[in-house]
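Residue numbers (the numbering used here): 84 to 229. For each residue, glycine too, the CB sits at the ideal point set by N, CA and C. For reference, the structure is listed below as structure tokens.
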């Protein structure tokens, strides 16, 4: 007997960026919905005993060799996904944003432990986090040298 699986396929994309997620069997019943917004953005909505948690995962931001228009479209899509969530929900944005935010605290959104020298993509990420009231959590913890 085949096992029931929750999944979504968006046939309007070219499948160049390979976004996807694997959920542990123990978490499968907590998944309320899975939505592929674009080739680069997937939203998984889960629920624990108290909260709805929106996990916007498998982001694959355009790399530095892509043009500014593609980057702006990515952030526009991400903003649209964020606006589809409710204020009382917990939002977690994860994965490869192809940005460097460098060391040094920047307001309440960037901690002291960024990597590299901030680039234009890093500036754009910080601006997005400020506008959406998000933090770049990895910059608040000292990581081992790479």
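**Item:** Three-state secondary structure (DSSP) of residue 143
**Value:** Translated into the one-based positions of the chain shown, residue 143 becomes position 60. Residue state, collapsed to three classes: strand.
**Item:** Rounded straight-line distance, which links the Cα of residue 200 to that of residue 169
**Value:** The residue given as residue 169 occupies position 86 in the chain shown. The residue given as residue 200 occupies position 117 in the chain shown. Cα-Cα distance, rounded: 34 Å.
**Message:** Taking the alpha-carbon of residue 221 as reference, which of 180, 125, 207, 204 has the nearest alpha-carbon?
**Reply:** Residue mapping note: residue 221 aligns to position 138 of the chain shown, counting from 1. Per the Cα distances, 180.
**Prompt:** Are the CB atoms of residue 130 and residue 138 nearer to each other than 8 Å?
**Reply:** In the chain shown, counting from the first residue as 1, residue 130 sits at position 47. In the chain shown, counting from the first residue as 1, residue 138 sits at position 55. Not in contact: residue 130 and residue 138 (Cβ atoms no closer than 8 Å).
**Asked** Where do the ends of the beta strand (DSSP E) carrying residue 128 lie?
**Response** Mapped onto the chain shown, residue 128 falls at position 45. Taken as a continuous stretch (DSSP letters only), the beta strand (DSSP E) holding residue 128 covers 125 to 130.
**Prompt:** In three-state DSSP terms, what is residue 213?
**Reply:** Numbered from 1 along the chain shown, position 130 holds the residue referred to as residue 213. Reduced to three states, the DSSP call for residue 213 is helix.
**Prompt:** What are the partner residues of residue 189, as DSSP defines its beta bridges?
**Reply:** Translated into positions along the chain shown, residue 189 becomes position 106. Paired residue(s): 193.
**Request:** Quick one: grab the DSSP three-state call for residue 156.
**Result:** Counted from its first residue, the chain shown places residue 156 at position 73. Note: residue 156 maps to helix in three-state DSSP.
**Prompt:** For residue 174, which of 106, 156, 225, 215 has the nearest alpha-carbon?
**Reply:** Against the chain shown, residue 174 aligns to sequence position 91. Of 106, 156, 225, 215, the residue nearest in Cα terms is 215.
**Beta-bridge partners of residue 148, as assigned by DSSP** = Counting from 1 along the chain shown, the entry for residue 148 is found at position 65. DSSP, once it has assigned bridges, lists no residue as partnering residue 148.
**From 143, 172, 171, residue whose alpha carbon lies closest to that of residue 158** = By one-based count along the chain shown, residue 158 stands at place 75. Comparing Cα positions, the closest option is 143.
**Item:** For residue 116: DSSP bridge partner residues
**Value:** The residue given as residue 116 occupies position 33 in the chain shown. Note: residue 116 sits in a beta bridge opposite 128.
**N- and C-terminal bounds of the beta strand (DSSP E) containing residue 178** = Mapped onto the chain shown, residue 178 falls at position 95. 173 to 179 is the span of the beta strand (DSSP E), which, as asked, contains residue 178.
**Request:** In angstroms with no decimal places, state the Cα-to-Cα distance between residue 128 and residue 166.
**Result:** By one-based count along the chain shown, residue 128 stands at place 45. By one-based count along the chain shown, residue 166 stands at place 83. Straight-line Cα distance between these residues: approximately 14 Å.
**Prompt:** Expressed to the nearest angstrom, what Euclidean distance is found between the alpha-carbon atoms of residue 150 and residue 193?
**Reply:** Residue numbering aside, residue 150 sits at position 67 when the chain shown is read from its first letter. Residue numbering aside, residue 193 sits at position 110 when the chain shown is read from its first letter. Their Cα atoms are separated by approximately 25 Å.
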